[in-house]
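*Asks:*
In full-length UniProt numbering, the protein residues as written are 1 to 236.
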């Protein structure tokens, strides 16, 4: 199989948001099932990276958004890949995205990461992780497509189960530097892109794939930002 074909196969597996998932027991297998950004996607010259994604003139911010509408934070009781595997979503993503890990057993996960290292894709800094009261500030789990943005773009009309799935879908999640996550907030691509320009390709392609997979439209001002970011992807 060619490298290009391999990359596209990996990307398709990563970004598919409506796929079947088989529960696995070992941490190595669990991480493999939830692989995020091991490969940089390629783009065929002349292809439309936003094909299949609707566009609306603007994001209309709603005043009725509630985080609770997307279920309990990081619940394992969800239908996304990794759901019902015995570990909450936060610990699944930490296990997937950190390296040089040690493990401990906690009530929410028998194989929770105790220590590890994050190579933060948003800032390109290296962060040492140690489980404790301050870890939430240093390393946070980020929704590539923010929940509030998804709500404004149509998730308010979904079933509760679909919103819970979306909030816990590993295709839409990354472990990142806490400050970068706070800086982004719920901003769309027109207003915010990762400080690390080398990650713009991956960020845009994952953002687009999640929007496409869940049938959500992109606001028109974000279209050029996404296209510009996708232009940094290697060409086939």
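Just so it is clear, CB atoms sit at the ideal spot from N, CA and C, and this is done for glycine as well.
Could you compute how far the alpha carbon of residue 241 sits from the alpha carbon of residue 232?
*Replies:* With the chain covering only 1 through 236, there is no way to say anything about residue 241.
*Asks:* Among the residues of its own chain, which have a CB less than 7 Å from the CB of residue 137, if the five just before and after it don't count?
*Replies:* On the chain shown, residue 137 is found 137 positions in, with the first residue counted as 1. Excluding residues within five positions, the ones whose Cβ falls inside 7 Å are 178.
*Asks:* So which of 82, 83, 122 and 115 has the shortest CA-CA distance to residue 98?
*Replies:* In the chain shown, residue 98 corresponds to position 98, counting from 1. The option with the nearest alpha carbon to residue 98 is 115.
*Asks:* Please report how far the alpha carbon of residue 49 lies from the alpha carbon of residue 92, in whole angstroms.
*Replies:* As a first step, residue 49 must be located in the chain shown, where it is residue number 49. As a first step, residue 92 must be located in the chain shown, where it is residue number 92. Those two C-alpha atoms are separated by around 29 Å.
*Asks:* Ignoring anything shorter than 4 residues, give me the alpha helix (DSSP H) runs that lie fully in the region 155-224, in order along the chain.
*Replies:* For the region 155-224, whole alpha helix (DSSP H) runs of length 4 or above, ordered along the chain, are 160-168, 178-184 and 200-213.
*Asks:* Whole angstroms are fine: how far does the CA of residue 171 sit from the CA of residue 307?
*Replies:* The first residue shown for the chain is 1 and the last is 236, placing residue 307 beyond what the model contains.
*Asks:* Going by DSSP, what residues sit across from residue 129 in a beta bridge?
*Replies:* If you number the chain shown from 1, residue 129 lands on position 129. Residue 129 pairs with 116.
*Asks:* How would you call residue 88, buried or exposed, if buried means at least 16 neighbouring beta carbons within 10 angstroms?
*Replies:* For the purposes of this step, residue 88 is identified with residue 88 of the chain shown, where counting begins at 1. It is buried - the Cβ of residue 88 has at least 16 other Cβ atoms within 10 Å.
*Asks:* Between the region 152-167 and the region 50-67, are three or more C-beta pairs nearer than 8 Å?
*Replies:* Because the criterion of three Cβ pairs below 8 Å is met, the region 152-167 and the region 50-67 touch.
*Asks:* Nearest CA to the CA of residue 123: which residue from 103, 194 and 55?
*Replies:* Within the chain shown, numbered from 1, the residue matching residue 123 stands at position 123. If we check each option's Cα against that of residue 123, 194 comes out closest.
*Asks:* The alpha helix (DSSP H) that contains residue 93, what's its start and end?
*Replies:* In the chain shown, counting from the first residue as 1, residue 93 sits at position 93. Note, residue 93: alpha helix (DSSP H), 89-97.
*Asks:* Could you spell out where the beta strand (DSSP E) holding residue 134 opens and where it closes?
*Replies:* Start at 1 with the first residue of the chain shown, and residue 134 comes out as number 134. Unbroken run through residue 134: none, as it is neither H nor E.
*Asks:* Would the beta-carbon of residue 117 fall within 8 Å of that of residue 133?
*Replies:* Here residue 117 refers to the residue found at position 117 when the chain shown is read from its first residue. Here residue 133 refers to the residue found at position 133 when the chain shown is read from its first residue. The answer is no: Cβ separation not under 8 Å.
*Asks:* In angstroms, rounded to a whole number, what distance separates the CA positions of residue 254 and residue 220?
*Replies:* Because the chain spans 1 through 236 in this model, residue 254 falls outside it and cannot be assessed.
*Asks:* Pull up the distance between the alpha-carbon of residue 206 and that of residue 162, whole angstroms please.
*Replies:* For the purposes of this step, residue 206 is identified with residue 206 of the chain shown, where counting begins at 1. For the purposes of this step, residue 162 is identified with residue 162 of the chain shown, where counting begins at 1. The alpha-carbon atoms of residue 206 and residue 162 are separated by roughly 19 Å.
*Asks:* Give me the Cα-Cα distance between residue 141 and residue 110, rounded to the nearest whole angstrom.
*Replies:* Walking along the chain shown from the start, residue 141 turns up at place 141. Walking along the chain shown from the start, residue 110 turns up at place 110. Distance between the alpha carbons of residue 141 and residue 110: 19 Å.
*Asks:* Return the chain-ordered list of same chain residues with a C-beta closer than 8 Å to the C-beta of residue 56, the five sequence neighbours on each side being excluded.
*Replies:* Within the chain shown, the letter at position 56 stands for residue 56. Hits under 8 Å: 153, 217, 218, 219 and 220.
*Asks:* Which value, in whole angstroms, describes the spacing of the CA atoms of residue 45 and residue 222?
*Replies:* Working through the chain shown from its first residue, we reach residue 45 at position 45. Working through the chain shown from its first residue, we reach residue 222 at position 222. The straight-line gap from Cα to Cα measures roughly 21 Å.
*Asks:* On the DSSP bridge list, what partners appear for residue 235?
*Replies:* Indexing the chain shown from 1 puts residue 235 at position 235. Answer by DSSP bridge pairing, in chain order: 43.
*Asks:* Can you confirm whether residue 192, when its beta carbon is compared against all beta carbons of chain D, has any partner nearer than 8 Å?
*Replies:* The structure shown contains no chain D, having only a single protein chain.
*Asks:* Which residues mark the beginning and the end of the alpha helix (DSSP H) in which residue 77 is found?
*Replies:* Against the chain shown, residue 77 aligns to sequence position 77. Note, residue 77: premise wrong, no alpha helix (DSSP H); not H, not E.
*Asks:* Can you name the start and end residues of the beta strand (DSSP E) that residue 143 belongs to?
*Replies:* Stepping through the chain shown from its first residue, residue 143 is reached at position 143. Where residue 143 is concerned, the enclosing beta strand (DSSP E) stretches over 139-143.
*Asks:* Compute the Euclidean distance between the alpha carbons of residue 119 and residue 71, then round it to the nearest angstrom.
*Replies:* Along the chain shown, one-based indexing puts residue 119 at 119. Along the chain shown, one-based indexing puts residue 71 at 71. Taking the straight line from one Cα to the other gives about 29 Å.
*Asks:* Taking 8 Å as the cut-off, decide whether the C-beta atoms of residue 75 and residue 164 are in contact.
*Replies:* Position 75 of the chain shown holds residue 75. Position 164 of the chain shown holds residue 164. Yes, they are a contact pair.
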